[in-house]
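Chemist: Residue numbers (my numbering), protein chains in the order written: chain A, -15 to 216; chain B, 540 to 1281. By construction, the Cβ of each residue, glycine as well, lies at the ideal position given by its N, Cα and C atoms. Shown below is the structure under consideration.
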Amino acid sequence: MKICLLSRPRFLAGRVCAILATALLLAPGAQDNADPSTTFFMGRIRYSQNDGNDCGGVGQELMKLVSQASTIKVQQEKVLRFTDPELYETPFLFMNGHNDFVLNAEELEALRRYFSRGGFLLASGCCTNPGFPKACRREFARLFANEQVVSFPYDHPIYRAFSVVTSVRCLHEKKDIHLEGLFYQGNLVMVLCEEGLCCAFSMENRCNVGKGVSPEDGKKLALNIAVYALTH
Amino acid sequence: MSTLVFDFPLGWQAGLPLVALVLGLAAWLPMRRGVPKRRVAIQTGLRLIALLALVFLVSKPMWVATERKPPGQRPVLLLVDRSESMSLKENDRTRYRQAYDLLRDHLLPAFKADHTPVRAWLFAEEATQADGPQLGAAEPTGKRTNLGGALARVLAADPNPPLAVVALTDGIVNENGENARGLAALVESRTPFIGIGLGSDAGARLFALRSVDAPPVVATNTIFQVAAQLEMVNCEELEPLDLSLMRDGRMVQRKKVSPGSGSRYWQESFEVTESLEGLHRYSIQFLPPAAPGLQCLNSQGSASVQVASEKELRVLYVQGALTWEYKFIGLALKGDPAIKITGLTRTSKQSIFRQNIETDGELKLGFPVSTEEIAPFRVVVLSNLTPLDFTPAQQELLAHFCGDLGGGVLMIGGPATFNSTWRGTRLEQLLPVTFPANSEALGLDRPFRVQLTEEALQHPLFRVASDRSTAAAWSQLPLFAQYGRVGSLKPGAQVWLEHPEDRGPSGKRILMASQRYGAGISAVIAVQNLWRWRLARDSDVQQYDRFWRQLFRFVGEPVRQDIMISLADQDLRPNTDIQVALQRRVKALDTPGLPAAYRFQVEDESKAVVASQALELPPGRLVASSFHPAAEGLFTLKVLDAYQAVVASRTVDIRDLHPELQQTGRNMEILAQWAHASGGLAVKAEECGNPAALVAQIKAKVEQVRRTHPVREPIGVNAWMMLAVLGSLGTEWCLRKKWNLS
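See the structure below:
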């Protein structure tokens, strides 16, 4: 398998948002009406005790960028629970948070079903807080037997899905940041970035100053994750 | 009574004055020179004889006679059909027995009373003369009915033309090669054909397995159908019967069939999947239902299937933007190593995203612009594109890809894909539907479920579940939100999916359709976000995946061979010439018109070569060949290239079926045609209640033929005439020499 990029985007921020919007856009013709059968551009997850509002501006910021960069009509993000029926109309989910959490049996079962049908989840720890990624690793490891959340080396295709990323330096520690993920039957179904990815790609790290992923790397990673989800 | 007529009267009308003029001049000139009158008169007389003879011949003289021999001396020839169809029982008697009884009890006494001599013949494939005991002992077992050949044979057997030929037959004729000979013999001998039709017009009570059909070549692990064509005629309510499918002699499936009653022709099929490569023979057989008077034919039939590992099927998925459809189709194909999908996506006006390319240079400039670039793919999928995404040359290339190279083209999407911008384009020409003149308002769609057409319910493409019916499986699909509006269906195209309520120009709004376009297949799916089928909470992921794998195989036909071996519509039976047509597909790198050396070879079941022929196969042209199987069996037709590698193969089951019983109803039309051509008569046996009247009818027909078809014989072209011409001219020449006349 080989993936090539022909021309690099000149205005990366705008391009990131455009592609991400496309990725998150679940129905290209999605309308602004309230038709329950239309799909939403993104499902923002409310889980466990989390109300889906951490870094509350992430979604709105993203919406603005999407609207500026894409001619495709998009629908307001919809906050979902894993147990909502609308989950199965939403092939791309986004969840973030600061703190530890525990998924109940119902949520776990819904996630198993969702992932087994091809759904994709992007999880981002907010503001480099260790509670959320730690909980992610633990809870998602409960989903499928013998499947753990694993870290990807930089030769994984997700780092080249659109922009070529050879390494991501942590801003506050001397280490490289690696994306992590969960596989189901060989398919990557969940990607986790512990180091404030959402803060980087949407808020220019204003909420996570001097920490985690740089805004530039964050946008590249977000773009790559979205393209990867759309093509794998 | 005879009459002299001239076929070319202008010959004597112009010839006689000319002769008079020539002879007058020829007499006047010598007399001017002082030649004695007596000599001039002798010379002129001799010339007159010769010229008159020539004028006579030029005028084409004919003797026209109404009859040469009195009718009473001529016999009536009786032809009794002893072919297998005459063995059908109706009213507790076989047709042959009915014919024999009619002959013995009515016709022969009537002819005897009329002092008309009778000669009887039995006929089926051949005609043989028969006496009374032979007629009574004969069994109707002939495998074919050759009425034309029988007529030619019996008329040639006697130099004296008969009074008439009376055929007692059901008119089921299946050998027509000698019809011209038979007709010529009837007309030349001026013999009227009297056909007496036996049997009922509706046919006998019959239950038959007419044929077993299966695709000649399939890919491994692909669902295909083995189907039995069944027929019942004039049956009362029949008990359900077991239909068994045998694979290479072992039973693999069984089903219960309820034939019902009456007359019908229908198909019963088994769905089969093969994982092992090789040639497999599938037989379907039934146990004859127990019903009094019911005749069962061909209770077993078979077909052969070559199961071959398919070549890699590459799909080029071209889309105007990244879509979820592409992702989910990719997931569906992930478990199928034979299908590889290559993505080509426009991500902005300047950039193109390529995925799963095989070389760095592949599709580097975007959509293919040459045959060489597009030829590696078997299917091209188009989604969310507009005509502006293609140059006219690229659209032409797509048409060439589908029509000439046999590729598949699938357009998929919703309103963003199917809109009026495509109207009138080259791409529209190759798709199975037209595009609407006006784009409709977006966002007005109501949630709907796709609805399969009757054809789709029967087609293996839509067979996505093993544990439930096609209809039940598809009814579980989720609601869809949007669909693209296509125009009308093209002639010859097939609708597979429809909108349950919305109506378009061709009835219900078309959601999926396909058609053959040249050597390839084009198809459209106008359901937006079909991927929701896979993600839906209660969906069966395997069904979605199977549908896409089957669809790409259907559109791409991966087992399609480079050389097609096709059989003309003909009887595939032993001891006949089986006509075969070979055609090499046009390929990307072919030089047009350049022939290539191949060998056409036929092997029997023991792998012995029974026919072999070297031939050239220019791309795209049909080349005819044939072979002559001497016996029943399974024959493998192969085409070998210059390196003796098999590039195409097909198996043919040669069987001597029951042509006599393909149709069991009496065919009076055949008898009427022979009667009309010879001025004869065709009557149904049940109308022969008064044999004397029938004999009188026959004699009246004979008399009518005598009157309306007199004998014409040319005269004058004989030795006497030649002697008169040469003698008179020779004598005249000798006298001129003797008298020293110039």
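1. Could you work out which residue in A:Cys183, A:His216, A:Gly180 and A:Gly170 is closest to Arg144 of chain A when comparing CA atoms only?
2. Identify every run of the beta strand (DSSP E) within the stretch 843 to 906 of chain B, keeping only runs that are complete inside it and at least 3 residues long; order them along the chain.
3. Identify each residue in the stretch 923 to 942 of chain B for which the Cβ-Cβ distance to at least one residue of chain A is less than 9 Å, and report them in chain order.
4. Could you say which of B:Gln934, B:Val756, B:Arg917 and B:Pro915 lies nearest to Leu1298 of chain B if we only look at CA atoms?
5. Taking the straight line between their C-alpha atoms, what separation do you get for Gln894 of chain B and Leu64 of chain A?
6. For Cys177 of chain A, count neighbouring C-beta atoms within 10 Å of its own C-beta (all shown protein chains included) and say buried if the count is 16 or more, exposed if not.
7. With H, G and I counted as helix, E and B as strand and the rest as coil, what does DSSP make of Ile1209 of chain B?
8. At 8 Å on the CB atoms, spell out the chain B contacts of Val211 of chain A, in chain order.
9. Within 7 Å of any Cβ in chain B, is that where the Cβ of Gly180 of chain A sits?
10. Scan the stretch 154 to 184 of chain A for residues whose Cβ lies nearer than 8 Å to a Cβ of chain B and list them as they occur along the chain.
11. Less than 7 Å between the beta carbons of Leu883 of chain B and Leu861 of chain B, yes or no?
12. Would Gly1026 of chain B pass as a contact of Val972 of chain B if the rule is Cβ separation under 7 Å?
13. Would you tell me roughly how many angstroms separate the C-alpha atoms of Val50 of chain A and Ser186 of chain A, rounded to the nearest one?
14. Does the distance from the CB of Thr759 of chain B to the CB of Val846 of chain B come in under 7 Å?
15. Any C-beta of chain A sitting closer than 7 Å to the C-beta of Arg1002 of chain B?
16. Taking just the CA atoms, how far does Arg153 of chain A sit from Ile161 of chain A?
17. Using 8 Å as the cut-off, can you tell me whether the stretch 1080 to 1089 of chain B makes contact with the stretch 1054 to 1062 of chain B, which would need three or more C-beta pairs spanning the two stretches below that distance?
18. If I measure Cβ to Cβ from Ala649 of chain B and keep anything under 6 Å in the same chain, skipping five residues before and after, which residues do I get?
19. Using C-beta distances below 8 Å, list every residue in its chain close to Val1186 of chain B, excluding the 5 sequence neighbours before and after it, in chain order.
20. Is the CB-CB distance between Glu778 of chain B and Ser800 of chain B below 7 Å?
21. Between which two residues does the alpha helix (DSSP H) carrying Phe167 of chain A extend?
22. Would you say Tyr31 of chain A lies against chain B (beta-carbon separation less than 7 Å)?
23. Based on Cα-Cα distance, which residue from B:Ile735, B:Val615 and B:Arg1112 lies nearest to Leu702 of chain B?
24. Determine, using beta carbons only, whether Val1080 of chain B comes closer than 7 Å to chain A.
25. Thr910 of chain B: which of B:Glu897, B:Val919, B:Ser890 and B:Leu937 sits nearest, CA to CA?
26. With DSSP as the reference, label Val133 of chain A as helix, strand or coil.
27. Name the chain B residues whose beta carbon is nearer than 8 Å to that of Leu214 of chain A?
28. May I ask you to verify whether the stretch 658 to 676 of chain B touches the stretch 740 to 754 of chain B, counting CB pairs closer than 8 Å and requiring at least 3?
29. Tell me whether Asn171 of chain A sits in a helix, a strand or coil according to DSSP, three-state version.
30. Run down chain B in chain order and give the residues with a C-beta less than 8 Å from the C-beta of Ser147 of chain A.
31. Going by alpha carbons, who is nearest to Asn130 of chain A out of A:Phe78, A:Leu166 and A:Phe146?
32. Following the continuous beta strand (DSSP E) through Arg1055 of chain B, name the residue where it begins and the one where it ends.
33. Would you say Arg144 of chain A reaches chain B, if we count a Cβ-Cβ gap shorter than 7 Å as a contact?
34. To the nearest angstrom, how far is the alpha carbon of Pro199 of chain A from that of Val42 of chain A?
35. At 3 residues or longer, what runs of the beta strand (DSSP E) sit wholly inside the stretch 1094 to 1172 of chain B?
36. Ignore the nearest five residues each way along the sequence and tell me which others in His939 of chain B's own chain have a CB closer than 7 Å to its CB.
Modeler: According to the data block:
1. Out of A:Cys183, A:His216, A:Gly180 and A:Gly170, A:His216 has the C-alpha closest to the C-alpha of Arg144 of chain A.
2. Entirely contained in the stretch 843 to 906 of chain B, the beta strand (DSSP E) runs reaching 3 residues are, in chain order, 852 to 858, 878 to 885 and 891 to 894.
3. Closer than 9 Å at the C-beta level to chain A, one finds these residues of the stretch 923 to 942 of chain B: Asn923.
4. Summary: the structure shown does not reach residue 1298 of chain B, with chain B confined to residues 540 through 1281, and so no result is reported for it.
5. Distance between the alpha carbons of Gln894 of chain B and Leu64 of chain A: 32 Å.
6. Residue environment for Cys177 of chain A: buried (at least 16 other C-beta atoms within 10 angstroms of its C-beta).
7. Helix at Ile1209 of chain B.
8. Result: Leu861 and Phe892.
9. Gly180 of chain A does not count as touching chain B.
10. If the cut-off is 8 Å between Cβ atoms, the stretch 154 to 184 of chain A has Gly170 and Asn171 near chain B.
11. Not in contact: Leu883 of chain B and Leu861 of chain B (Cβ atoms no closer than 7 Å).
12. Yes, these two residues count as a Cβ contact at 7 Å.
13. Low confidence applies to Val50 of chain A: its pLDDT is 44, below 50, so where it sits in the model is not reliable enough to give any reading.
14. Contact flag set, yes.
15. Not one chain A Cβ lies under 7 Å of Arg1002 of chain B.
16. Answer to the nearest angstrom: the Cα atoms are 6 Å apart.
17. No, they do not touch.
18. Apart from the 5 residues on each side of it in sequence, Ala649 of chain B sits with its Cβ closer than 6 Å to the Cβ of Pro1230, Ala1231 and Val1234 in its chain, given in chain order.
19. So the qualifying residues of the chain are Gln1100, Asp1101, Ile1102, Tyr1137, Val1178, Leu1179 and Asp1180.
20. The beta carbons of Glu778 of chain B and Ser800 of chain B sit no closer together than 7 Å.
21. Looking at the DSSP string, Phe167 of chain A is not in any alpha helix (DSSP H); the run it does join, the beta strand (DSSP E), is Glu164 to Tyr168.
22. No, Tyr31 of chain A lies away from the interface with chain B (no Cβ there is under 7 Å from its Cβ).
23. Checked all of B:Ile735, B:Val615 and B:Arg1112; the closest Cα to Leu702 of chain B is B:Val615.
24. With 7 Å as the cut-off, Val1080 of chain B counts as an interface residue toward chain A.
25. It is B:Leu937.
26. Coil, per DSSP.
27. Neighbours of Leu214 of chain A on chain B, chain order: Leu861, Thr862, Trp863, Tyr865 and Lys866.
28. Contact fails: fewer than three Cβ-Cβ distances are below 8 Å.
29. The DSSP-derived three-state label of Asn171 of chain A is strand.
30. Neighbours of Ser147 of chain A in chain B, taken as residues whose beta carbon is under 8 Å from its own, are absent, since the nearest beta carbon is some 12 Å off.
31. When A:Phe78, A:Leu166 and A:Phe146 are compared, the shortest CA-CA separation from Asn130 of chain A is found for A:Leu166.
32. Where Arg1055 of chain B is concerned, the enclosing beta strand (DSSP E) stretches over Gly1046 to Tyr1056.
33. Arg144 of chain A does not count as touching chain B.
34. Between the C-alpha atoms of Pro199 of chain A and Val42 of chain A there is a straight-line separation of about 13 Å.
35. Taken in chain order, the complete beta strand (DSSP E) segments of 3 or more residues contained in the stretch 1094 to 1172 of chain B are 1102 to 1106, 1117 to 1123, 1136 to 1142, 1148 to 1155 and 1161 to 1166.
36. If you ignore the 5 residues before and after His939 of chain B, its C-beta comes within less than 7 Å of the C-beta of Thr910, all in its own chain and listed in chain order.
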